[in-house]
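Q: Residue numbering for the sequence shown follows our numbering, beginning at 149 and increasing consecutively. Even glycine gets a Cβ: it sits at the ideal position worked out from N, Cα and C. All values derive from a computational prediction rather than experimental measurement. Can you read through this structure? Questions will come right after.
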Amino acid sequence: MQYFSFLKMFCQFNPGKNIDSENISTHRKIKNQYEAVVIGSGYGGAIAASRLSRAGIEVCLLERGKEIRPGEFPNKEISALEEVQANYEDKQIGPKNGLFDFHFNKDINVLVGCGLGGTSLINANVSLRAVPEVFQDPAWPKNIREEASKHGFDPYYSLAEEMLRPNPIPNQYRNLAKHQALKTSASF
């Protein structure tokens, strides 16, 4: 149980209710047994927990990090720096539950979100369809490359769009500093 002592645990997930602090449990309240345990509350974990719960299965959803409510996100450079953790091999610096969780390795570097919501907390809610050529890169497993060339991923994109209902950025927000920075980055 030591490893899980710093995890936030959201048990008896009920997608019909708003998540509030009364629903968030600590490891002292966790039961000995659940029908299903889902690790991670990002896009995959949240959907898995929701579907299992809707099927009447008692779910315990485990997440590393803390719940960050609207208005609590870092909004200045210094407060963002206080939320950075970095991991390289067996070394870790910064708070273990820092929102921005960097992993540096020889083969790949990754930034993930740490908190209730996982990486969805930090990815700016971008929803784009990849151009088909992306999936022809030899870095993808052979079965994904073959599926992409035979059938494409349009049905899967459509399903995700139906569930998530993404919308374009409203015109009044298109001149935000973040949006301009992203446009500049995309032009390189």
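Pull up the CB-CB distance for Leu312 and Ser275, whole angstroms please, since I reckon it's below 8 Å.
A: At roughly 7 Å, the Cβ-Cβ gap stays under 8 Å, so Leu312 and Ser275 are in contact.
Q: Contact defined as beta carbons within less than 8 Å: I believe Tyr191 pairs with Glu206. What is the distance between those atoms, to the nearest angstrom?
A: With a Cβ gap of about 22 Å, Tyr191 and Glu206 do not count as contacting.
Q: Using beta-carbon positions only, say whether Ala197 and Val186 come within less than 7 Å of one another.
A: The answer is yes: Cβ separation under 7 Å.
Q: Could you say if the stretch 280-289 and the stretch 205-225 meet the contact criterion of at least three C-beta pairs nearer than 8 Å?
A: These segments do not touch.
Q: Have a look at the DSSP bridge pairing and note the partners of Tyr236.
A: Tyr236 is bridged to Lys239, Phe252.
Q: Between Asn180 and the rest of its own chain, which residues show a CB-CB distance below 8 Å, the 5 nearest in sequence each way excluded?
A: For Asn180, where only same-chain residues beyond five positions count, there are no Cβ hits under 8 Å.
Q: So, at 8 Å on beta carbons, what are the nonlocal neighbours of Phe248 in its own chain, with the 5 sequence-adjacent residues on each side left out?
A: Only Ala228, Glu231, Val232, Gln233, Leu259, Gly261, Cys262, Ile270 meet the Cβ criterion.
Q: Kindly indicate the opening and closing residues of the beta strand (DSSP E) around Glu211.
A: Start and end: 207-212.
Q: Helix, strand or coil for Leu259 per DSSP?
A: Three-state result, Leu259: strand.
Q: How many Å lie between His327 and Asn315 at the Cα?
A: Near 15 Å, if we compare the C-alpha coordinates of Asn315 and His327.
Q: Which stretch, first to last residue, makes up the alpha helix (DSSP H) that contains Ile226?
A: Its alpha helix (DSSP H) spans residues 225-229.
Q: Helix, strand or coil for Ile178 per DSSP?
A: Looking at Ile178 - three-state DSSP - the assignment turns out to be coil, as it is neither helix nor strand.
Q: Quick one: grab the DSSP three-state call for Ala308.
A: Residue state, collapsed to three classes: helix.
Q: Opposite Ala184 in the DSSP bridges: which residues?
A: The partner list for Ala184 (beta bridge, DSSP) reads Val207.
Q: Let me know the secondary structure DSSP gives Val279 once reduced to three states.
A: Looking at Val279 - three-state DSSP - the assignment turns out to be coil, as it is neither helix nor strand.
Q: Taking only three categories from DSSP, how would you classify Asp302?
A: It is helical.
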